[in-house]
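Input: a single structure, listed below in structure tokens.
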Amino acid sequence: MSARGVILVITEQREGKLNRVSYETITAAQKIAAETGWSVEAVVMGAQVSVAAGEIAAKKLEKVYQIHSPALGQYTADGYIAALKPFLAEKLPSLVLFPHTYQVRDFAPKLALALDRPLISDAVSYKYESGKLLFTRQMFQGKFVADVSFSGEPPYFATVQAGSFRADQAENGPAPAPIETVHAIIENSSIRVKPHEMYKEAKQAVDLTQAEIIVSVGRGIKEQKNIEMAAKLAEALGGELAASRPICDAGWLPIERQIGSSGQTVSPKLYLALGISGAIQHLVGMKGSRSVIAVNKDPEAPIFDIADVAVVGNLLEIVPALIEEVKKAKAEA
Amino acid sequence: MKILVCIKQVPQKDAPLKLNESGSWIREDVSYEVNEPDAYALEEALRQKEKNGGEVVVVTAGPARAQQVLREALAKGADRAIHLEGDEFVRLDPASTAKAIAAAVKSENFDLIFTGLQSDDYGYAQTGVLLAEVLGWPHSTIILHIAKEGDGLKLKRELESGYFQDMEMPLPAVLTIQSGGNKLRYATLMGIKQAKNKPMTKLGWADVASAVGKNGLKIERLYIPVKQKRTETIDGPPAEVARKLVDKMRNEMRIL
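If you read the sequences in order, they're chains X and L. Numbering follows numbering that gives the first Met the number 0, with no gaps: position 207 of the first sequence is 206. Numbering follows numbering that gives the first Met the number 0, with no gaps: position 238 of the second sequence is 237.
In structure tokens:
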């Protein structure tokens with residue numbers, strides 16, 4: 000390890016564009032650096048990354064590494080690990096931070112174990128206590144949080160949950176950070192999988208991102224026939240109907256109405272969550288909503304942690320009453 | 000194909016969980032069930048066996064109570080089970096769990112290993128990927144569809160924001176399975192009866208301890224999250240709740 004600790008942020012880009020959670024991870028790294036006195040460096044990787052590297056270099060960073068190779072053009076876990084393992088073994092940073100994306104979930108645990116180091120996944124915050132770095136992560140579907148520490152020597156690995164830090168708080172540097180080019184040597188034979196192009200299945204007939212009011216249903220709706228009730232409420236409010244993953248998995252609503260990490264990310268004026276417990280994968284898709292009303296029979300449901308208004312009760316009784324009341328209010332207006 | 004399915008017993012979805020007295024972990028006197036993504040992993044394995052023949056073996060690491068999820072898997076059609084039994088397997092970090100499972104099956108030649116994409120209790124989403132590293136196998140995550148093609152597999156992976164990707168992969172491999180790809184089956188009465196005579200191998204901590212090594216992560220404390228938002232609770236009979244909500248929608252949220 001170098002004399003001064005280094006936090007290395009492995010960013011994620013697609014077609015030359017860095018995603019928002021990469022910037023959020025830079026913010027997390029800068030905050031940790033401010034407490035630990037460590038410096039922050041970033042990695043951009045791919046087949047052609049100079050644009051993305053130039054973009055991230057505007058942030059307050061000690062250095063930006065652009066790791067490139069034709070073999071990194073399309074993501075594979077084998078390719079990414081082949082590029083990063085020797086790089087990290089040489090640099091030995093104190094901490095390696097990643098955005099917690101589907102892609103990172105696919106390779107970061109393997110990379111960490113290839114270097115015989117532990118990884119704390121899906122961190123929502125951190126603590127620096129008497130020289131010890133802890134990451135806070137949700138457990139038991141968000142009902143509890145845990146402060147987790149690493150044992151052994153650095154480098155330590157952690158992934159940061161989307162929405163845990165603010166991208167617009169990533170500080171710019173006084174001058175662009177120096178960019179160092181790293182040519183990754185990746186044998187074609189080391190890539191064992193053959194990925195095809197990405198595609199979308201459902202035509203996005205509904206664009207929930209533009210909806211001002213969303214009525215969203217979860218497991219607590221109990222039966223398919225009760226969806227109709229939620230649809231009526233959405234109609235009365237002039238909003239869109241949406242759902243958490245289990246409802247779409249069951250085929251009760253089409254997948255293009257799914258909110259969450261595998262569906263759409265929305266930020267309406269009102270998000271009315273009916274019978275949604277609030278698993279992390281759902282919350283990341285709606286926690287930017289301006290107001291959240293949640294109805295759930297379980298007073299401990301994690302959805303209540305981010306709700307402005309909590310109703311503990313039976314949605315099958317509350318929704319019909321609410322439909323009537325909304326209709327009355329609309330008629331008066 | 001010979002398929003191993005890693006399954007985990009987790010607290011039931013709506014079980015009220017409480018912290019233990021020392022605040023180090025949950026109180027374990029709750030109801031348990033199989034981790035939902037693991038149930039989909041088992042379903043996929045059983046369908047592969049129906050299509051391509053072979054064997055489905057289920058494994059879990061956990062205390063005696065965890066045997067229940069193995070029994071259920073046998074009743075649904077798995078051929079045999081391996082139970083890494085002991086309290087030592089609770090609170091283990093994902094790398095140690097992966098090493099323990101790899102050690103338990105090292106003398107077998109599996110073509111495929113399935114896990115759920117993550118567990119509903121710890122939610123690390125790492126064990127399957129790490130198992131691939133321990134075994135030196137390729138892997139892929141968040142898989143929705145699997146077809147055997149020639150000597151390998153054609154897979155459908157889920158990506159973020161409604162995207163998907165197909166990929167080809169050689170065997171042996173580790174795959175983490177997404178929920179919802181198939182409809183889950185129920186155990187039949189016949190299946191439940193037959194399960195009683197299916198083999199269940201038991202291994203203890205001592206059998207795998209040398210392969211596991213040191214825990215790399217330590218859970219320092221577990222606690223109820225500090226709320227970031229001020230939440231107002233509304234209660235009363237449904238009609239009254241509805242009136243109060245509409246009042247808020249009109250006067251505070253200004254959406255009516």
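Ideal Cβ placement from N, Cα and C applies to all residues, glycine included. Since the structure is predicted, the reported quantities are computational estimates derived from the model, not experimental observations.
- For Q117/L, the secondary structure class from DSSP, reduced to helix, strand or coil, is coil.
- When DSSP states are grouped into helix, strand and coil, K228/L belongs to the coil group.
- Interface criterion met: the Cβ of T230/L is under 9 Å from a Cβ in chain X.
- For the stretch 124-140 of chain X, the residues whose beta carbon sits under 8 Å from a beta carbon of chain L are, in order, L133, R136, Q137, M138, F139 and Q140.
- In terms of Cβ geometry, Q168/X and V123/X do not form a close pair [threshold 9 Å].
- In this structure, the CA atom of E14/X is about 15 Å from the CA atom of Y162/L.
- Apart from sequence neighbours up to five positions away, the residues of its chain that approach L116/L with a beta-carbon distance below 7 Å are P36, A124, T140, I141, T175, I176 and Q177, ordered along the chain.
- When rounded, the separation of the alpha-carbon atoms in S148/X and W37/X is 18 Å.
- Within chain X, the residues A76, D105 and V192 have their CB atoms less than 8 Å from the CB of S139/L, given in chain order.
- About 4 Å separates the beta carbon of Q11/L from that of S30/L, a gap short enough to meet the 8 Å contact definition.
- In summary, no residue of the stretch 0-17 of chain X has a CB separated from any CB of chain L by less than 8 Å.
- Take A242/X, set aside five residues on each side of it, and the residues of its chain with a beta-carbon closer than 8 Å to its own are S215, V216, G217, W251, L252, R256, Q257 and I258, in chain order.
- Here R70/L is buried: its Cβ has 16 or more other Cβ atoms, across all protein chains shown, within 10 Å.
- Neighbours of M197/X in chain L, taken as residues whose beta carbon is under 8 Å from its own, are L158, Y162, F163 and Q164 in chain order.
- Shown in chain order are the members of the stretch 140-154 of chain X whose Cβ falls below 8 Å from a Cβ of chain L: Q140, G141, K142, F143, V144, A145, D146, V147, S148, F149, S150 and G151.
- Nothing from the stretch 42-65 of chain L brings a Cβ to less than 8 Å from some Cβ of chain X.
- Here L236/X is buried. Its C-beta has 16 or more other C-beta atoms within 10 Å.
- Between M252/L and S290/X, the C-beta gap is smaller than 9 Å, which places the two residues in contact.
- In the three-state DSSP reduction, P117/X falls in the coil class, being neither helix nor strand.
- Within chain X, the residues whose beta carbon sits less than 9 Å from that of V245/L are L321, E324, V325, K327 and A328, listed in sequence order.
- Taken in chain order, the complete alpha helix (DSSP H) segments of 4 residues or longer contained in the stretch 211-258 of chain X are 226-236 and 244-248.
- Of the candidates M197/X, L60/X and I185/X, L60/X places its Cα closest to the Cα of A174/X.
- According to the DSSP assignment, T35/X belongs to no beta strand (DSSP E) but to the alpha helix (DSSP H) extending over R19 to T35.
- Under the three-state reduction of DSSP, G141/X is assigned to helix.
- Considering only beta carbons, no part of the stretch 80-97 of chain X lies closer than 7 Å to chain L.
- For P224/L, the nearest CB of chain X lies under 9 Å from its own CB, placing it at the interface with that chain.
- In this structure the stretch 88-103 of chain L does not lie against the stretch 43-53 of chain X, because fewer than three pairs of beta carbons, one per stretch, are closer than 8 Å.
- For S188/X, the closest alpha carbon among the candidates W204/L, K195/L and P169/L is that of P169/L.
- At a C-beta separation below 7 Å, Q125/L has these neighbours in chain X: P108, L118 and S120.
- CA-CA distance, T100/X to P236/L, rounds to 43 Å.
- Spatial neighbours of A210/L in its own chain (CB-CB distance under 6 Å, excluding positions within 5 residues in sequence) are listed in chain order as K98 and A102.
- In this structure S261/X is not in contact with I185/X, their Cβ atoms being roughly 29 Å apart against a cut-off of 8 Å.
- For Y31/L, none of the residues of chain X pass the 7 Å Cβ criterion, the least Cβ distance being about 12 Å.
- Here S93/X is buried, its C-beta having at least 16 other C-beta atoms within 10 Å.
- In the DSSP assignment, R156/L falls within the beta strand (DSSP E) that extends over G151 to E157.
- With fewer than 16 neighbouring CB atoms inside 10 Å of its own CB, V225/L falls in the exposed class.
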